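Heads up: the structure comes next, in structure tokens.
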Amino acid sequence: MAARATANRLRADINAEYAEELAKNGSHFFVAMTRAGCYYCGHLMSKFDDFEDAFQKANVSLIIHPMNLDDPSNKELKDRLNVTGFPAIYLFLGSLDGVFVDVAHNADQLVEFYKVYNMTLIPINNVMIVDEFQRVSNVVVDKVETADELEKFKDSAYAALLFLVDERFEERDLVWKIARENYNVHTAYMMKHVASQFQHKIVVFRNGQLKKSASPKTLDEMRAFVKVQTHLPTYFFPPESAVMPSLYEDNYIFYIDSLAGVVEATPWLKKLGDERRGSYVVLLFDYADRDGDRALKFFGVKEGDPGRLRLLVRSKNLHFKMELDTTDPIDEHSVKAWLERFEKGALKPFLKSEPLPPDWNKPALKTLVANDTSKHVFVLLYAPGTAPNDFAANVFEELAQLFVTFDDVIISKINVNENDIPLEYMDVGRIPGARFYPKGEKQEIEYTGPPKVEKLKEFLEEKTGYVVPEVEQKKSETAEEKTENVEEKPNDAKETEGAQKPRDTHGEL
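Residues in the sequence shown are numbered consecutively from 1, following full-length UniProt numbering.
Okay, here's the thing in structure tokens:
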């Protein structure tokens, strides 16, 4: 397992195999599902020390591990838990049936969440037998027996979940499992012969009204049905963003405005969220919340702007701006009309693209933006500001000088922080990375070799059929030797914690 510095302490990345070992030993632990290069994942891990200090203060035996979901060995667990967003925290209580943590990611909330879910052993017939125990939790599942009790139950919470069971109650464990996974929902069961007015196994009430019923055949179908039908119609972003990875909807509607504007629009947005649940989730975004500054930049909204609506398609990473498609003011009717156009495929996603610099064609290494399409193109995808990315940019500068005399070869770089990559291209994975696009072909070739000028030159010569003149090659070799000599000299200055030399930091593009 790889070790990562999370705030002041070094912590090992947990993998699925080790998590299984911990679970078999009966351990209780949190796992933070993360991905490399995820800003919010890094922000979460910076709070791990505070979390564990709070666990000790509350006298609970807990630890929190990071798990890198870019590691293929963790894919099976990721799929099993239906992890769809990052970062996400799961609580494991002596098994791999992780419970999604949908509260704010702060120390007090995690401690309280654990106390709610912590399971205890109770004896059967007053005898504790290791292989014959029932597990119960602090989550309450009521039994409804009369019409009066049913009426009170329906009005007991925003969402009330009723299971219809027979005398054998074979679904007992399943009912408690679903109740634990949806602890904000009031769950109860009722005997079928008493509740003959209902035709399905599961009935959902929202605000006291019967809203939906179904008879899911599998556990996964049941989980999806319950989550979709019981979650809130709107959430505040970013304060309630922790819930997002647990939701099944693929489309997120963000309404971005001042707090007063958000409050004014909330009634019809809640109605929209209820009507479109299963397809859309509605998020309310007060642009004065400084925790949302990074998201504001992504959405292209500034504090003081008029209300804005954004649609984010999670699975395809598509981003739509309502004001680009209509001049109608944002209200219930205009938003519904806009969503209908989206569902018909009539909207084009917004692609963030830097303005093309006036002198973009002068240097050997071009600055590429999202709207470029021409010639043989070898492009570096990078995010400036880190050692591996800055090193790769320098290597591409040298490479570009070698091919400067070939008019139909463009060696370029694109800042993935400022430019969206169109959907028809490969997903942006490892950064920095390099892609080659042959002239006149609809083909995309990923370069997977080391970030060395000589290897990149050989790759490009093979793909274009050109050969770099010997004099240019010698110039590059001399420059590269100088670079390597500089790197071999010891550095007397003290390195910052965790810092590495560029060549050691990233072995390949």
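Every residue gets a Cβ at the ideal spot worked out from N, C-alpha and C, and that includes glycine.
Remember, it's a predicted structure, so these values are computed and weren't measured experimentally.
query, result
"Here's a check: name, in chain order, each residue in its chain whose Cβ is nearer than 7 Å to the Cβ of Glu303, leaving out the five neighbours to either side.", "Tyr287, Ala288"
"Give the secondary structure of Phe254 by DSSP, where H, G and I count as helix, E and B as strand, and everything else as coil.", "strand"
"Counting only runs of 3+ residues fully inside the segment 365 to 417, write out the beta strand (DSSP E) ranges in chain order.", "376 to 382, 409 to 415"
"In or out: Thr230 buried (at least 16 other Cβ within 10 Å) or exposed?", "buried"
"Are three or more beta carbon pairs between the segment 196 to 214 and the segment 245 to 258 nearer than 8 Å?", "no"
"Can you look up Asp71 in the DSSP assignment and give me helix, strand or coil?", "coil"
"Is the beta carbon of Phe86 less than 9 Å from the beta carbon of Tyr114?", "no"
"For Asn419 and Glu171, I'd like the C-alpha separation in whole angstroms.", "51 Å"
"Where does the unbroken beta strand (DSSP E) through His333 begin, and where does it stop?", "No beta strand (DSSP E) contains His333, which is instead part of the alpha helix (DSSP H) from 332 to 343."
"Given a cut-off of 9 Å, decide if Ile256 and Leu311 are closer than it, judged by their beta-carbon atoms.", "no"
"Can you name, in chain order, every residue of its own chain whose Cβ lies under 8 Å from the Cβ of Val103, other than the five neighbours on each side?", "Gln109, Leu110, Glu112, Phe113, Ala242"
"Which one of Ser73, Ala295, Leu93, Asn415 has the shortest CA to CA distance from Ala434?", "Asn415"
"Cβ of Ala107 within 9 Å of Cβ of Phe30?", "no"
"Give the DSSP bridge partners of Pro66, in chain order.", "Ala32"
"Along the chain, where does the alpha helix (DSSP H) that runs through Leu312 open and close?", "From DSSP, Leu312 is part of no alpha helix (DSSP H) but of the beta strand (DSSP E) over 308 to 313."
"Please classify Arg277: does DSSP put it in a helix, a strand, or coil?", "coil"
"Does the segment 449 to 461 come close enough to the segment 394 to 408 that 3 or more CB-CB pairs lie under 8 Å?", "yes"
"Give me whichever residues DSSP pairs with Gln209 in a beta bridge.", "Arg206"
"Secondary structure at Asp79, three-state DSSP: helix, strand or coil?", "helix"
"Write down every uninterrupted run of the alpha helix (DSSP H) in the segment 158 to 230 whose length is 4 residues or greater and which is fully enclosed by it, in chain order.", "172 to 181, 219 to 230"
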